[in-house]
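*Asks:* The listed protein sequences derive, respectively, from chains A and B.
Each step along the first sequence adds one to the number in our numbering, with nothing skipped, and position 48 is 97.
Each step along the second sequence adds one to the number in our numbering, with nothing skipped, and position 439 is 524.
Ideal placement from N, C-alpha and C gives every residue a C-beta, glycine not left out.
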Amino acid sequence: MARNDLQGTLDLLVLKTLSQMGELHGYGIVLHIQRASEELLSVEEGSLYPALHRMEMSGWIRSEWKVTDTNRKAKYYRLTPAGQQELQKAEESFAQLVKGVRAILRYA
Amino acid sequence: MFIFRRLVNTFSRSKLHEEIDAEIQSHVEMRMADNVAAGMSPEQARRDALIRFGSRMVMRERITAADAATALDAVWRDLRYAARQLRRSPTFTVSALVTLILGIGANVIVFSVLNALVLRPLDVPRPAGLYNVVHQQHGYDNHSYPDYLDFQSKNSTFSDMAAYRVQSAGLSTRDAAYKCWYYRVSGNYFDMLGVQPEHGRLFHASDEHGPNSAPYIVLSHGFWRKHFNSDLGVIGTRVDVNKHPFTVIGVAPAAFHGADLFLWPDFWMPVVDSPDDEGAGFLSNRGMHNIWILGKLKPDVTPYQATDNLNAIARELARENPAADTLSARLVKPGLLGDQLGDPARSFLAGIMLLAFLVLVAACTNLGSLFAARTADSSRELAIRLAIGSSRWHVLRQLLAESVLISVLGGALGTLFSTILLNALTRWQPFPEFPVHVAVSPDARVYSVALLLSIGSGIVWGLLPARQIWATDSAQLMKSGAAETLVFRPFTLRDLLLGIQITLCTLLVTSSFVALRGMQRSLHAPMGFEPAGVLLAETDLHMGGHDDASIGQIRKLMLEEVSRTPGVTSVGIIDETPLGTGGSSTFIYRMGTTDFRASNSAFGAKYFSISPGYLEAAGTHLLGGRDFTWHDDANAPNVAIINETFAHAMFGNTSPLGQRFALGKKFSYEIVGVVENGKYEALTETPWAAVFFPLEQNPDSDTSLMVRSALPPAEIVPEVRRALAQIDPSLPFVFHTWPEALALVLFPARVATATLGVMGLLAAMLAVTGVFGMAMYSVSKRMKEFGIRVALGAEAAQLMRSALGRPLILLLSGSLAGLLLGVMASRLLAQIVYEATPRDPLVLAGVLVTMALLGFLTTWIPAQRALGVQPARLLREE
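(1) For B:THR570, is the classification buried or exposed, using 16 other Cβ atoms within 10 angstroms of its Cβ as the cut-off for buried?
(2) Residues in its own chain within less than 6 Å of B:LEU498 by CB, not counting five upstream and five downstream?
(3) Please name the residue or residues paired with B:SER794 in a DSSP beta bridge.
(4) With B:ASP133 as the anchor, note down where its alpha helix (DSSP H) starts and where it stops.
(5) Reducing DSSP to helix, strand and coil, say where B:ALA340 ends up.
(6) Please list the terminal residues of the continuous alpha helix (DSSP H) segment that includes B:ARG993.
(7) So is A:GLY149 in contact with chain B if we call contact Cβ pairs under 9 Å?
(8) Chain A beta carbons: is any one of them nearer than 9 Å to that of B:ARG137?
(9) At a Cβ threshold of 9 Å, is B:HIS102 touching chain A?
(10) How would you list, in chain order, the residues of chain B whose beta-carbon sits under 8 Å from the beta-carbon of A:ARG121?
(11) Which full runs of the beta strand (DSSP E) of 3+ residues lie inside the stretch 811–893 of chain B, going along the chain?
(12) If you draw a straight line from the C-alpha of B:SER740 to the C-alpha of B:ALA687, how long is it?
(13) Find out if the Cβ-Cβ distance for the pair B:VAL203, B:ARG431 is shorter than 9 Å.
(14) Between B:VAL489 and B:GLY547, how many whole angstroms is the CB-CB distance? I'm expecting something under 8 Å.
(15) Less than 9 Å between CB atoms is the rule here; does A:GLN117 satisfy it with respect to chain B?
(16) Our contact map puts B:LEU893 next to B:GLY931 with C-beta atoms below 8 Å; I'd like the distance itself, whole angstroms only.
(17) What residues are listed by DSSP as bridge partners for B:THR332?
(18) Taking a cut of 7 Å between CB atoms, which residues from the stretch 95–110 of chain A lie near chain B?
(19) Please name the residues in the stretch 57–86 of chain A whose beta-carbon is closer than 7 Å to at least one beta-carbon of chain B, in chain order.
(20) Is A:GLU93 close to chain B, meaning its C-beta is less than 9 Å from at least one C-beta of that chain?
(21) Closer than 6 Å by C-beta to B:ILE469: which residues in its own chain qualify, once you throw out the five before and the five after it? Chain order, please.
(22) Could you pull out every residue in the same chain whose Cβ sits closer than 8 Å to the Cβ of B:MET86, ignoring the five residues on either side in sequence?
(23) So the beta strand (DSSP E) B:SER669 belongs to, where does it begin and stop?
(24) Below 7 Å on C-beta distance, what does B:ARG147 contact in chain A?
(25) Return the first residue and the last residue of the alpha helix (DSSP H) that B:PHE713 is part of.
(26) At which residues does the alpha helix (DSSP H) containing B:ASN508 begin and terminate?
(27) What residues match up with B:ARG269 in a beta bridge as DSSP calls it?
(28) Within 9 Å (strictly less), CB to CB, does B:ALA852 reach chain A?
(29) Give the straight-line distance between the Cα atoms of B:LEU207 and B:LEU346, rounded to the nearest whole angstrom.
(30) Just list the residues that DSSP pairs B:HIS78 with in beta bridges.
(31) Do B:VAL218 and B:LEU348 count as a contact pair if the criterion is CB distance below 9 Å?
(32) Name the DSSP bridge partner or partners of B:SER753?
(33) Give me the subset of the stretch 120–134 of chain B whose CB atoms are less than 8 Å from a CB atom of chain A, sorted by chain position.
(34) Taking A:GLU135 as part of the alpha helix (DSSP H), name the residues at either end of that continuous run.
(35) What do you get for B:THR332, buried or exposed, if any count of 16 or more other CB atoms within 10 angstroms of its CB means buried?
(36) From which residue to which residue does the beta strand (DSSP E) around B:ASN192 run?
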């Protein structure tokens, strides 16, 4: 059975975003998820940063302070090889979740 | 990498917070900029951006929570919590610290000594595989030089084998003369031990070409520094050893002092050289056992194989050579003079180590009980914490953090104090006239053991309350309050621990009393002479350059001069002071023996050469026959005086006077006198057979002049010195009173007594605090109950029984068990301390009084408290 929960979903969204965009700061990740989901999903700042920190501690992402286009200092995150693997797992696990939920919805 | 970041995060929490703040700040600013761009007013934009984050503090905590989950941080927080807890209860902290300092300190000291004397390899450059070769029979440590040569050349199991003996001599330069202790060593000695010269050169096997072929000496670093001011110019110069010329060829490294742990000799000399006429004889005499053999095993040879190998050689030698037919070999660890010191030192140290460890265990049980009591007091707080979701493991971890923290602190302080003490001990020179040092400075091994003990004891006593935590039923506890948990069960773990402690304390108290009494008795033991009131003036006539021919004359002069000195009651000469450092033994044969091989001898006996008048001066009682006279000289028939043991062993109950015995084919002696038994080498020795020869018939250059006088030493010494200086001013004399000289023989017993005394005191202190703590605690917890009892009309006696019954039962049974154990342990003590026996009314009474006093001391205050209960006030309070 696929282990999944809301936090796992947030991890998946962040990892996928970073794998598509390469390097991004926290605010950029929030904007990207909002935009890419056509405003359907909105990530709460209050949840994003603890998640980022936890993922960094787990070695999935790496961070670096850089200057943005608008000349502001920001912490940029990028995926590590371990994060790449984690993303793959998270995607599979999410696919399982979707399949499971769909099956239940069909049955109902 | 990530582990590293975690570590960094843990230890720089504030830095992490700063970084989080900066990141959030930059996020908020970007959001604000976008908001303004979307048309909000700056104030609105700011509010919107901030609201999305909520409380920044909560945010920060949520982010760092990812780190706090790591064990390291949790441990750190536990430790800080523990430190806070300990600060809050200073009485507990201080008493725990003191207990631990004593307990761990005692262990560190004893382990250091054990480590230095038994565990640590010899402090030589290549210590691996070194063994002393001694005889199979315990106590027979020395071999003859020819036996050594045979062992060395015929064995196949040792890569090399060296010989050495310790002697004293007078060393004189143009300006000064010193009495020295030195090693006479075989040429290969330095090379086998891997010693390189500090300056100049050392001698080698290739320097030896028969007797007196290598007149060289190598100075020890200490002697060179002290007496030659580290002058390199001394190398190559001539010095006189007992007036024989020797060349100083080098200086040994500062750390090197030979293969014996205690001895720090002044110089080394090749064994083939001798600074006196006696010296070369032993090189060819199989009967003179005065050589220490030190061998180095080949890398892949076990000690067993080597022993077998040497004993095979010994059997072969015995077949060819009658004088070698008692030859045998056994390997012992070097450093403690074979069995002489090794046997008692090893068993005593092991015993003391065990005791020290038990003291620590007692300390831990004390602390455990205290800690458990404290935990019980805070059981309500505990229950609340468990109820609001703290895990039992978490609570336990915090308790452990507390106990380990204080243990490590106590251990560190204890180690610090013991290091100071041990360093002082290392610098200490117990006997001014002997080059003895007890080098026991702690090393890395000692420190790691100290750390291990600290953490271990912390865990042990921290875990004692664990059962309490596991058993805590939070709902029950919070309902009924703390009193309910103190239901007194018939016997708890705490009681058992306390009982063990009292047992231990009694054991130690018993042992120290036994040792103390033994010491006291050994000072008044029948030694076969009366040391009190005797002054010794010791010298070696060879040091004055006198040859054997003139020795007799000089001695006679000395005796005459000294006996004329006012205040001198009697005076005599013996070659080796009994219970001194020397002493020789010989095989005794019955008359009619034709084959003088060792196994045909009747027994072995100590022998001494004495002058007429010695027996009187020494206070040795003549039981029958006569003393020697000046007519018993080289031209008169050979005569001897024997002791009781000798007489009994050879002649049974018939009178030995006028009978004869033999030492060899041409040497038979008529017995002219019998004296009482005496102690000759050690106070604990079993009675030896001993024989005394007249000095004139058995000359020896060692001279110990015994002067009996009623005058105090301070008055008689200058007089005797003046009298002796008239005869030969160049002769170096060492003066001391006989009781002073006996300090050396009494030294091990003194050390044992002092050690046991200190240990006993420690154990008593711990037992006192343990019993006192327990009695006090139980009384204080039951004050309300006592109040009710008194209100209901309980008598004082009844109250006492219920308050102190248990501590008293523990005291009584513990003392009894300890006394029994002490009686058994005394057998070990008897090896070191003269007549150590617990079957002594004074010892038994002493132990009982001590324990009773201890009991009284520990229960008096609690009893007063219980008796002083005021029911009205107590009942009003709640």
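*Replies:* Reading off the structure:
(1) Against the second sequence, residue 570 of chain B aligns to sequence position 485. Confidence in B:THR570 is poor, its pLDDT being 44 and thus under 50, which makes the residue's placement unreliable; the coordinate value appears in the next sentence. So B:THR570 ends up on the buried side.
(2) Locating residue 498 of chain B in the second sequence gives position 413, counting from the first residue. The answer, listed in chain order, is ILE186.
(3) Position 709 of the second sequence holds residue 794 of chain B. Partner(s): B:VAL653.
(4) Taking the second sequence and counting its residues from 1, the one referred to as residue 133 of chain B is at position 48. Counting along the chain, the alpha helix (DSSP H) containing B:ASP133 begins and ends at 127–136.
(5) Start at 1 with the first residue of the second sequence, and residue 340 of chain B comes out as number 255. Coil at B:ALA340, not helix or strand.
(6) This structure cannot speak to residue 993 of chain B, because chain B is shown only from 86 to 963.
(7) For this step, residue 149 of chain A is matched to residue 100 along the first sequence. Closer than 9 Å: no.
(8) In the second sequence, residue 137 of chain B corresponds to position 52, counting from 1. Closer than 9 Å to some Cβ of chain A, the Cβ of B:ARG137 qualifies, so yes.
(9) On the second sequence, position 17 is the one that residue 102 of chain B refers to. So no, B:HIS102 is outside the interface.
(10) Within the first sequence, the letter at position 72 stands for residue 121 of chain A. Chain B residues near A:ARG121: SER111, GLU114 and MET115.
(11) 819–822
(12) Position 655 of the second sequence, counted from the first residue, corresponds to residue 740 of chain B. Position 602 of the second sequence, counted from the first residue, corresponds to residue 687 of chain B. If you take the alpha carbons of B:SER740 and B:ALA687, they lie about 18 Å apart.
(13) Here the question's residue 203 of chain B lines up with position 118 in the second sequence. Here the question's residue 431 of chain B lines up with position 346 in the second sequence. Yes, Cβ-Cβ distance for B:VAL203 and B:ARG431 is below 9 Å.
(14) In the second sequence, residue 489 of chain B corresponds to position 404, counting from 1. In the second sequence, residue 547 of chain B corresponds to position 462, counting from 1. Yes, B:VAL489 and B:GLY547 are in contact; Cβ-Cβ is about 6 Å, under 8 Å.
(15) Counting from one through the first sequence, the residue named residue 117 of chain A turns up at place 68. One point to set straight first is that residue 117 of chain A is Thr, not Gln, in the sequence displayed. So yes, A:THR117 belongs to the interface.
(16) Counting from one through the second sequence, the residue named residue 893 of chain B turns up at place 808. Counting from one through the second sequence, the residue named residue 931 of chain B turns up at place 846. That pair is no contact at about 21 Å.
(17) Mapped onto the second sequence, residue 332 of chain B falls at position 247. Looking at the DSSP assignment, B:THR332 forms a beta bridge with B:TYR301 and B:ARG323.
(18) GLY95, TYR98, PRO99, HIS102, ARG103, MET106 and GLY108
(19) GLY75 and TYR76
(20) Here residue 93 of chain A corresponds to residue number 44 of the first sequence, with the count starting at 1. Yes, its Cβ sits closer than 9 Å to a Cβ of chain B.
(21) As a first step, residue 469 of chain B is located in the second sequence; it is residue number 384 there, counting from the start. Here the set comprises nothing.
(22) As a working mapping, residue 86 of chain B is identified with position 1 in the second sequence. Confidence at B:MET86 is low in this model, with a pLDDT of 44, below 50, so its placement is unreliable and the value that follows should be read with caution. Result list for B:MET86: empty, nothing under 8 Å.
(23) The count along the second sequence starts at 1 and reaches residue 669 of chain B at position 584. Taken as a continuous stretch (DSSP letters only), the beta strand (DSSP E) holding B:SER669 covers 669–673.
(24) Translated into positions along the second sequence, residue 147 of chain B becomes position 62. Correct list: PRO99.
(25) Residue 713 of chain B sits at position 628 when you count from the first residue of the second sequence. Counting along the chain, B:PHE713 falls outside any alpha helix (DSSP H), and DSSP gives it neither H nor E.
(26) As a position in the second sequence, residue 508 of chain B is number 423, starting the count at 1. Note, B:ASN508: alpha helix (DSSP H), 477–512.
(27) Within the second sequence, the letter at position 184 stands for residue 269 of chain B. Answer by DSSP bridge pairing, in chain order: B:ARG250 and B:MET354.
(28) Within the second sequence, residue 852 of chain B is the residue found at index 767, counting from 1. By this cut-off, B:ALA852 is not an interface position.
(29) The residue labelled residue 207 of chain B in the question sits at position 122 within the second sequence. The residue labelled residue 346 of chain B in the question sits at position 261 within the second sequence. C-alpha separation (whole angstroms): 8 Å.
(30) The requested residue 78 of chain B does not occur in the structure, where chain B is confined to residues 86 to 963.
(31) Reading the second sequence from its first residue, position 263 is the one you call residue 348 of chain B. Reading the second sequence from its first residue, position 133 is the one you call residue 218 of chain B. No, the pair does not count as a contact, with Cβ atoms beyond the cut-off.
(32) Against the second sequence, residue 753 of chain B aligns to sequence position 668. B:ALA747, per the DSSP bridge assignment.
(33) none
(34) Residue mapping note: residue 135 of chain A aligns to position 86 of the first sequence, counting from 1. Its alpha helix (DSSP H) spans residues 130–156.
(35) Walking along the second sequence from the start, residue 332 of chain B turns up at place 247. The residue in question, B:THR332, is exposed, as its Cβ has fewer than 16 Cβ neighbours within 10 Å.
(36) As a first step, residue 192 of chain B is located in the second sequence; it is residue number 107 there, counting from the start. Careful: B:ASN192 lies outside any beta strand (DSSP E), inside the alpha helix (DSSP H) at 175–199.
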